[in-house]
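What follows is one structure encoded as structure tokens, with my remarks underneath.
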Amino acid sequence: MESVYLSIGAANRCSLHRLAAPIGRYFLDFLQEVSSRLAWFPAGLPCLFGFQVNILEMNLGKSARSEKFQHFETETSAWLRGERLLKAAVSVRMRPDVPPLSSSVAIMLYLAEKFQTPDRWFPADLRLRSRVNEYLSWQHSAIRMHGSKMLWMRLMIPKIMGIDVPKEKMDGALEDLNASLTLIEENFLQDRPFIVGDQMSLADLVAIVEIMQPLGAGLDVFEGRPKLSAWRDRVQASIGKDLFDEAHRGILGAQDSMKQLDPSKLELFKPKILRLFF
389 MESVYLSIGA ANRCSLHRLA APIGRYFLDF LQEVSSRLAW FPAGLPCLFG FQVNILEMNL
449 GKSARSEKFQ HFETETSAWL RGERLLKAAV SVRMRPDVPP LSSSVAIMLY LAEKFQTPDR
509 WFPADLRLRS RVNEYLSWQH SAIRMHGSKM LWMRLMIPKI MGIDVPKEKM DGALEDLNAS
569 LTLIEENFLQ DRPFIVGDQM SLADLVAIVE IMQPLGAGLD VFEGRPKLSA WRDRVQASIG
629 KDLFDEAHRG ILGAQDSMKQ LDPSKLELFK PKILRLFF
């Protein structure tokens, strides 16, 4: 049985730290490094969702998917209690034949190539693949940043740190978010069912989980955007409602999860967080 091991740092918003992926079994370990890029458990969902769909397409089985989500829920709860180092974090050894990767996008592309997932995810056709790459290259400094900022400014900073976000800062963040959403509608989707065309790809997969981030803070970004709402419904139908709901359960329950967090655990990072958002 061939094994694949990927070490995932917190260089981006992905809060996954290690992924061991033998064929037939997946292990995910959620080691947080807030000081590196303020990685947080809701921010790990884009990666989690991507891996979940890749697992489904690789035919690794329902048991592997259920096990993976069990690891996620257990370790997220542990981190919220302040347990930074978990047993699972040291139970899987690095494989010397696979280089560490610190980007959720790079990891998903690696998996798509390594396991030859269905062509729709990362098309062999250069014209279609270029559309996927265009979106993946754009989203890092646009919708990913703006969606995450809204989650922090509407939920985490006021609720956990007890700091009111100035109205001008909130208005500016909302303006940036809306600008990115408009670009997705007008530039990337246009009149196509999905970003690439008639089939869902990795571009849609990465897009949906970033766009869902503000919903965790109670902001419905789909309201008043019928094109975006219809696209979301197609994405959900394409991968299945159960999987869609399961993957987003954490982010949609973020407000309840805040009740588990001890605010003192973030005191060390408070100055850095405030410099980042103010």
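Numbering (the working numbering), first residue to last: 389 to 666. Just so it is clear, CB atoms sit at the ideal spot from N, CA and C, and this is done for glycine as well. No experiment lies behind these values; they were computed from the predicted model shown.
| message | Tell me the DSSP secondary structure of PRO602 in three-state form. | response | Three-state result, PRO602: helix.
| message | Quick check: what's the CA-CA separation for ASP552 versus ALA605? | response | The straight-line gap from Cα to Cα measures roughly 15 Å.
| query | Which of the three DSSP states, helix, strand or coil, is assigned to THR505? | reply | Under the three-state reduction of DSSP, THR505 is assigned to coil, being neither helix nor strand.
| TRP619, enclosing alpha helix (DSSP H) - first and last residue | First-last of the alpha helix (DSSP H) with TRP619: 614 to 627.
| So is the beta-carbon of MET558 under 6 Å away from any non-hydrogen atom of the ligand MN? | Judged by which ligands are present, the structure shown has none, so any question about the ligand MN falls away.
| In whole angstroms, what separates the C-alpha of GLY585 from that of VAL594? | Taking the straight line from one Cα to the other gives about 16 Å.
| task | Could you tell me the boundaries of the alpha helix (DSSP H) in which GLN587 lies? | result | Annotation for GLN587: no alpha helix (DSSP H) segment contains it, and DSSP assigns it neither H nor E.
| Length of the line joining the Cα atoms of LEU654 and ILE495 | Rounded to the nearest angstrom, the two C-alpha atoms are 29 Å apart.
| query | Between GLN524 and ALA591, which are expected to be in contact by the criterion C-beta below 8 Å, what is the C-beta distance as a whole number of angstroms? | reply | One detail in the question is off: residue 524 reads as Leu in this sequence, not Gln. Indeed they touch by this definition, with Cβ atoms about 6 Å apart.
| task | Could you tell me if GLU501 is buried or exposed, where buried requires 16 or more neighbouring beta carbons within 10 angstroms of its beta carbon? | result | Burial state of GLU501 is exposed, judged by a 10 Å Cβ sphere holding fewer than 16 other Cβ atoms.
| task | State the DSSP-derived secondary structure class of ALA500, mapped to helix, strand or coil. | result | For ALA500, the secondary structure class from DSSP, reduced to helix, strand or coil, is helix.
| task | Check whether the Cβ atoms of TRP619 and LEU577 lie closer than 7 Å to each other. | result | With respect to LEU577, TRP619 sits close: the two C-beta atoms are nearer than 7 Å.
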